Amino acid sequence: MFFLKVWLLMDPLSKLPMFATDDEIAIAIVGKKRASHWKRGALIILEARGFPRVDAVHGGRPVPLIRKWYNLYLGLEKSYVQSTQEIGKDNWEAWRLKREERNARKPQLGLDGRCQSVLLYMVAHPDAQTHVAIPNAGAFTMNRLAEKGAIVADGVDRDGDTEWKVTEAGIEEAKLISFWHHGK
């Protein structure tokens, strides 16, 4: 019992407010030098394993629950032998859901870099309808975009060049490309 009281007095979590920020928690758990690394990597993994979430009303994570979570995580409430023999349990369903969310935001047509830049240019400049009017576009690039369903032939201009029009699928793909690469 005496050891537990001394440990609680030395416990860095006991110096935090009841609801602490991720920075404060990271410093208390792993120290200043490794705090940013812990927040970027370990915190995501720990949240998947049930680490207490940020309380929106109080703007921080509840420190008493963090202490309790670590006691369970480190096996302090069980015998040491029993906790070292347990196999780790990951929340694969949470990882699968995150992967599906990410893949839904990912460009879907499988366009290479040149096709993506040509498509983005065509969406931004609807008056550019032939490969001559579009930078870095050639007949091959336009045909590849047409194969993927991003554009369709819309006739021939007076010079004999095929005019192209962006499809709805092409507009949606351009939005996904912009968000995926530029966050817009």
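When you number the sequence shown by this note's numbering, it's gap-free, plus one each residue, and the end is 226. No residue lacks a Cβ here, since even glycine has one placed at the ideal position from N, Cα and C. It should be emphasised that the depicted structure is a prediction, and the values quoted were computed from it without experimental measurement.
Check whether the region 192-205 touches the region 162-182, taking contact to mean three or more Cβ pairs, one atom from each stretch, closer than 8 Å. yes
Can you have a look at M60 and say buried or exposed, based on whether 16 or more other CB atoms are within 10 angstroms of its CB? exposed
Range covered by the beta strand (DSSP E) that runs through V194: I193 to V198
Which first and last residues belong to the alpha helix (DSSP H) in which V160 is found? G155 to A166
Would you mind giving the Cβ-Cβ distance between P149 and I213, rounded to the nearest angstrom? I have them listed as a contact below 8 Å. That belief does not hold up - the Cβ atoms of P149 and I213 are roughly 13 Å apart, past 8 Å.
Starting from the Cα of G92, find the closest Cα among L58, F182 and W134 and give me that residue. W134
Once the 5 residues before and after D64 are set aside, which same chain residues still bring their CB inside 6 Å of it? K81
Mapping the DSSP letters down to three states, classify V174 as helix, strand or coil. coil
Smallest Cα separation from C157: which of A181, N113, E142 and E143? A181
Where in the region 57-101 do unbroken runs of the beta strand (DSSP E), each at least 3 residues long, occur, reported from the N-terminal end onward? none
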